[in-house]
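*Asks:* My questions will all concern the structure given below.
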Amino acid sequence: VQSISLAGWVNQQRVLYKKNALSLNQIQQLDSIGFIWDRHDLSWNKKFNQLCTFKEHNGHCNVSQNDEGYKSLGRWVRQQRILYKKNALNSDRVQPLSSLGFNWDLCD
Numbered sequence: 001v002q003s004i005s006l007a008g009w010v011n012q013q014r015v016l017y018k019k020n021a022l023s024l025n026q027i028q029q030l031d032s033i034g035f036i037w038d039r040h041d042l043s044w045n046k047k048f049n050q051l052c053t054f055k056e057h058n059g060h061c062n063v064s065q066n067d068e069g070y071k072s073l074g075r076w077v078r079q080q081r082i083l084y085k086k087n088a089l090n091s092d093r094v095q096p097l098s099s100l101g102f103n104w105d106l107c108d
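With UniProt numbering, the residue at position 91 of the sequence shown is 91, and numbering never jumps.
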């Protein structure tokens, strides 16, 4: 019996998913427990949630990279604007940011 770590198993499921090698039942079972198919989505969602909290407290989404305590979030916000201007930001990320009132161009 070959031993596999949980992290290894999770990675294997992601690889199989990308290769369309999982059955619909397997996908549904993993979806039902909130399986994260793309670890980059998890990171993006964490930053988006931080931005939502920032907006609740400050009334806007214009986080500066120089804001003490928000430097990492400020860099992420800047990166979203850069990707958007390059037309390299997926619509599934543009939509939630836009609905939050995200300012894509600070010159406006």
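Don't be surprised by glycine CBs; every beta carbon is placed ideally from N, CA and C.
Quick check on the DSSP output: the alpha helix (DSSP H) that includes L89 runs from which residue to which?
*Replies:* L89 -> no alpha helix (DSSP H), and no H or E assigned at all.
*Asks:* Looking at the secondary structure, which residues open and close the alpha helix (DSSP H) in which C52 lies?
*Replies:* 39-58
*Asks:* Could you have a look at A21 and say whether DSSP puts it in helix, strand or coil?
*Replies:* coil
*Asks:* In whole angstroms, what separates the C-alpha of W37 from that of R14?
*Replies:* 6 Å
*Asks:* Helix, strand or coil: which one does DSSP assign to L73?
*Replies:* helix
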